[in-house]
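Read the structure below first, then the notes.
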Amino acid sequence: MNQSTQTCDPAVLDAFLVGDLDPGQCETLESHPESCRECRDALQMQAADAEAWQEAMKYLPDDPNDLDRLSDSDADHLGWKPGSQDYQRLLDSLSPTDDPQMLGRLGHFEVSGIIGSGGMGIVLKAFEPQLSRFVAIKVLSPEQWSNENARLRFAREARAAAAVVHENVVEIHSVGTDGDIPYYSMTYLRGETLADRIKNRGPLDIDEILRISKQMSDGIAAAHKQGLVHRDLKPANVFLSQGAERVQITDFGLAQIDGEDQLTKTGCIAGTPAFMSPEQIKAEPLDARSDLFSLGSVIYSMCAGTSPFRRESAIQTVRMICDESPERLEDVNPAIPTWLAAIVARLHQRNPIDRYQSATDLSADLSACLAHAQNPGSCTQPRSVLRLKDRYEKASRPRVRSTRKAFASLAGIGLIAVVSWIMWGNGAGSPMQNAGDRTIFVEGQVVDSQDNPLTDATVLAVRKTWIGGYQQEPLKTKTDAKGRFKFDNFATAGKRYAYLLTALPKGHSMSSVYELVNDGSQQAPVKLSAQASKPTKIQVKDTKGNPVAGVRVLPSSRKTTTGQEHMTYAMQVADSEQITDSNGIVQLDSFQPDDQAEITIDVKGDVQNLSIKIGSEAISVVTVAGDLDAAAVVITGTVTDTTGSPIPYAKLLVVRKTWPGGRFKMDSPHGETDAKGEFTFNDFVPANLTHEFMVTVIKDGYAMVSEYRGMNDEDQDAPVHLKLEPAEAITFTVIGATGKPAVGASLTPHTRPSDATIPYLNFPINRKQIVYTTDSEGKATMTAWKPGEKGRLMWEHDGNQNQIDFQVPANRMVTIQLP
Numbered sequence: 033m034n035q036s037t038q039t040c041d042p043a044v045l046d047a048f049l050v051g052d053l054d055p056g057q058c059e060t061l062e063s064h065p066e067s068c069r070e071c072r073d074a075l076q077m078q079a080a081d082a083e084a085w086q087e088a089m090k091y092l093p094d095d096p097n098d099l100d101r102l103s104d105s106d107a108d109h110l111g112w113k114p115g116s117q118d119y120q121r122l123l124d125s126l127s128p129t130d131d132p133q134m135l136g137r138l139g140h141f142e143v144s145g146i147i148g149s150g151g152m153g154i155v156l157k158a159f160e161p162q163l164s165r166f167v168a169i170k171v172l173s174p175e176q177w178s179n180e181n182a183r184l185r186f187a188r189e190a191r192a193a194a195a196v197v198h199e200n201v202v203e204i205h206s207v208g209t210d211g212d213i214p215y216y217s218m219t220y221l222r223g224e225t226l227a228d229r230i231k232n233r234g235p236l237d238i239d240e241i242l243r244i245s246k247q248m249s250d251g252i253a254a255a256h257k258q259g260l261v262h263r264d265l266k267p268a269n270v271f272l273s274q275g276a277e278r279v280q281i282t283d284f285g286l287a288q289i290d291g292e293d294q295l296t297k298t299g300c301i302a303g304t305p306a307f308m309s310p311e312q313i314k315a316e317p318l319d320a321r322s323d324l325f326s327l328g329s330v331i332y333s334m335c336a337g338t339s340p341f342r343r344e345s346a347i348q349t350v351r352m353i354c355d356e357s358p359e360r361l362e363d364v365n366p367a368i369p370t371w372l373a374a375i376v377a378r379l380h381q382r383n384p385i386d387r388y389q390s391a392t393d394l395s396a397d398l399s400a401c402l403a404h405a406q407n408p409g410s411c412t413q414p415r416s417v418l419r420l421k422d423r424y425e426k427a428s429r430p431r432v433r434s435t436r437k438a439f440a441s442l443a444g445i446g447l448i449a450v451v452s453w454i455m456w457g458n459g460a461g462s463p464m465q466n467a468g469d470r471t472i473f474v475e476g477q478v479v480d481s482q483d484n485p486l487t488d489a490t491v492l493a494v495r496k497t498w499i500g501g502y503q504q505e506p507l508k509t510k511t512d513a514k515g516r517f518k519f520d521n522f523a524t525a526g527k528r529y530a531y532l533l534t535a536l537p538k539g540h541s542m543s544s545v546y547e548l549v550n551d552g553s554q555q556a557p558v559k560l561s562a563q564a565s566k567p568t569k570i571q572v573k574d575t576k577g578n579p580v581a582g583v584r585v586l587p588s589s590r591k592t593t594t595g596q597e598h599m600t601y602a603m604q605v606a607d608s609e610q611i612t613d614s615n616g617i618v619q620l621d622s623f624q625p626d627d628q629a630e631i632t633i634d635v636k637g638d639v640q641n642l643s644i645k646i647g648s649e650a651i652s653v654v655t656v657a658g659d660l661d662a663a664a665v666v667i668t669g670t671v672t673d674t675t676g677s678p679i680p681y682a683k684l685l686v687v688r689k690t691w692p693g694g695r696f697k698m699d700s701p702h703g704e705t706d707a708k709g710e711f712t713f714n715d716f717v718p719a720n721l722t723h724e725f726m727v728t729v730i731k732d733g734y735a736m737v738s739e740y741r742g743m744n745d746e747d748q749d750a751p752v753h754l755k756l757e758p759a760e761a762i763t764f765t766v767i768g769a770t771g772k773p774a775v776g777a778s779l780t781p782h783t784r785p786s787d788a789t790i791p792y793l794n795f796p797i798n799r800k801q802i803v804y805t806t807d808s809e810g811k812a813t814m815t816a817w818k819p820g821e822k823g824r825l826m827w828e829h830d831g832n833q834n835q836i837d838f839q840v841p842a843n844r845m846v847t848i849q850l851p
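All letters in the sequence shown, in the order written, are residues 33 to 851 by my numbering.
Given below as structure tokens:
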């Protein structure tokens, strides 16, 4: 039987689809449809029916400008060789250089060569003379310079990568444009990729696997904190630097940004199939847990020397990811301990709710496991990993479903996307729905009085959700080249919320808008219009007339002559970019002549509000209260049980307030008692200022206690004594608004009743310091109250945060229904 007869036989095509052909036959058949229209049509119709294909074609228009079709492995096809047209066009676009060893100049960089090329463009090696260092520069491919959509995607990648500042993520130095060439510079890495190491060495040692995995988890956690889902985690995007061998994650070109509009085609598959998560393949909405599945595949590759889902063809690979489990790690490599195999197995759960819920949790387990691997005699395994190990050992080996049924499970757009990806384009050319986001975002534009966009303007945001009140984190961003901005995760769809936006554009007066949203619907873009203003210089002096340097200044309120008032939120002062110089002077662009203005200042721990009238004088002088050279207040104390025995290593939270500003400090001092149960907090405020503070202590096995004090010069050194009463853990089950367990909700003890005038409480701002996270069943346990007591806790889930009251029953099990 000749080759044509073999491949054109419908029975052979059917055997291919269900995985019954050997590798040689698969290779022959995969190349045959390129030259045989009849077989291509037959394979298409056997993969899905005509109706499904018709629906899929709505999402599969030919797009020659789709950069995401290209991956790093496609570099050889891009024609980046000396003498090629694109190579010459790039060289011709570089500015001349006096250095004969360089190809040309790009901005202030001297370009020495081309490192490589990939899906979003070309990576150059360049020298930065000002800092005497080599850098890597990523530029958009020349054929895309006139493509506005491609330029937006490229700018999006730069923003995504630059947003993550962490030692385990490649550092972005600068973003710019030179003529027609958009680019951004980053650290020039020396070393090898994790893919190269695995290829050259095969399976890695246990210590090495844990060290690399832990650093990867930390880097990904930093990205997730910025609202980014990487979507293309794989060994080729993990760089191992020479020397200290620091892990750095690269290539955020496919990152998904929470709430941001997609710049690739609606529903496009983006990523490397062998390392995708099931939801990435099946056209389902993604969150951070998708990266954790991919991270599991990377860890598996380090353990086994090969990726867990690698098969002879791409279609078999994605089929396996969606419907099968990889071979058990200890069977592939007997040197892998069961507890590590159990961690990887949890990361590879097809349902995201069954995986680790955050990269931070994974990092904590990996760190403890690394300590155990290095010192098994003195460091025990964490209980969370031992529980995983027990469940893993008890579970039977997973059954492998028939390949025909597995293929059928990819029906619909997800199926069509995968088949189309394999047959007609290697890259992001198939549907991938990212709809169904449950969070509200607020976006807008800052313009001048002529409606021209204002670029690089600071925009501050405060959000409020009910019943929880204002959320405390200061939100800040900058406008883009078109004056646009966006804040993500304001509230969950359907929730009542409000927000205050304030724009502080350079050279223009401050402008703000307050919106109350009753139905929780997505809001139309907000326009903030600002008038050109005359810069105002303000000098900050102490009561002795000396200028005070290093004072953070934030425009707090602007009341115009017509009575219109604009404002910011005072909590933002700690994040202010405006700081007085050595002469105590700061220049503000925020006001107009004759405005009644307020500024909020933070000086040496004292937060104050000061009022000024903007007049014609060159410099407005404001005076801060108190002698700022006075000795700092020191708060000391002890924590004991009811018998007077010291309690070491108890967690402490402190909130402080100073006058005349009357502002609670937002820096949330926190710490632990030492081995003797003692604690010290330094540098509260200058000693001559009246102030107050509250200390709260929380310790497992004891009920929460706090003490509130107003102090003056006579009693500021009096130590604090906090006594803890024994208590047992309480289990909280948190149910979301949909009736399902609220997985990954954050809980923080807030209030416990007391016989004193002030109840035991911690300030809501401090909730990030002591937090309990609900597990896959929506459960979390903590010790802070006794049975019969009423309590209050803060919760945060799905972008919302609230407080909720409860009473502890005798069985110490509390169910909380979120609104």
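Positions of the beta carbon are idealized from the N, C-alpha and C atoms, including for glycine.
Beta bridge pairing from DSSP links residue 738 with 728. By the Cβ neighbour-count rule, residue 239 is exposed, with fewer than 16 other Cβ atoms within 10 Å of its own. Sequence-distant partners of residue 542 (beyond 5 residues in either direction) whose C-beta falls short of 8 Å from its own C-beta, in its chain, are 534, 535, 536, 562, 587, 590, 598, 600, 622 and 623.
Our two residues, residue 656 and residue 643, have alpha carbons roughly 11 Å apart in a direct line. Each residue's CA atom was taken as its position, placing residue 270 and residue 229 some 10 Å apart. Close CB contacts of residue 247 within its chain, under the 6 Å cut and outside five residues either way in sequence, are with 200 and 279 (chain order). About 6 Å separates the Cβ atoms of residue 823 and residue 783, confirming a contact at the 8 Å cut-off. Assignment of residue 244 by DSSP, reduced to helix, strand and coil, places it in the helix class.
Between residue 331 and residue 206, the gap from beta carbon to beta carbon reaches 7 Å or more. When rounded, the separation of the alpha-carbon atoms in residue 154 and residue 529 is 44 Å.
In this structure, the beta-carbon distance from residue 167 to residue 220 falls below 7 Å.
Taken atom to atom, the span from the alpha-carbon of residue 755 to that of residue 676 is near 8 Å. Counting only the Cα atoms, residue 772 lies some 39 Å from residue 187.
Within its own chain, the residues whose Cβ lies closer than 8 Å to the Cβ of residue 391, once the five positions on either side in sequence are excluded, are 249, 250, 252, 253, 256, 320, 323, 324 and 327, listed in chain order. Approximately 6 Å separates the beta-carbon atoms of residue 216 and residue 204; this is inside 8 Å, confirming the contact.
Under the three-state reduction of DSSP output, residue 371 falls in the helix class. Judged by DSSP in its simplified three-state form, residue 385 adopts helix.
In the three-state reduction of the DSSP assignment, residue 560 falls in the strand class, which pools E and B. In the displayed model, residue 204 falls within a strand according to three-state DSSP. Taken through DSSP and simplified to helix, strand or coil, residue 774 comes out as coil. For the 7 Å CB-CB criterion, residue 397 and residue 414 form a contact. Here residue 267 is not near residue 306, since their CB atoms are 7 Å or more apart.
Judged by DSSP in its simplified three-state form, residue 380 adopts coil rather than helix or strand. For the options 592, 634 and 626, the alpha carbon positioned closest to that of residue 607 is the one of 634. The beta carbon of residue 509 is closer than 6 Å to those of 491 and 517 in its chain, skipping five residues each way along the sequence. In this structure, the alpha-carbon of residue 668 lies about 49 Å from that of residue 553. By the neighbour-count criterion, in which 16 or more other beta carbons inside 10 Å mark a residue as buried, residue 380 falls on the buried side.
Around the C-beta of residue 426, fewer than 16 other C-beta atoms lie within 10 Å, and the residue is accordingly described as exposed. Taking the C-beta atoms as reference points, residue 538 is found no nearer than 7 Å to residue 477. Counted as a single uninterrupted DSSP element, the stretch harbouring residue 328 is not any beta strand (DSSP E) but the alpha helix (DSSP H) occupying residues 320-336. Bounds of any alpha helix (DSSP H) do not take in residue 224; it lies within the beta strand (DSSP E) bounded by 223-225. The residue among 208, 334, 805 and 283 with its C-alpha nearest the C-alpha of residue 242 is 334. Taking C-beta atoms as the reference points, residue 813 and residue 763 count as a pair closer than 7 Å. Beta-bridge pairing by DSSP links residue 159 to 142 and 166. Pairing residue 703 with residue 725, the inter-Cα distance amounts to about 15 Å. Annotation: residue 618 to residue 630 spans about 14 Å, alpha carbon to alpha carbon.
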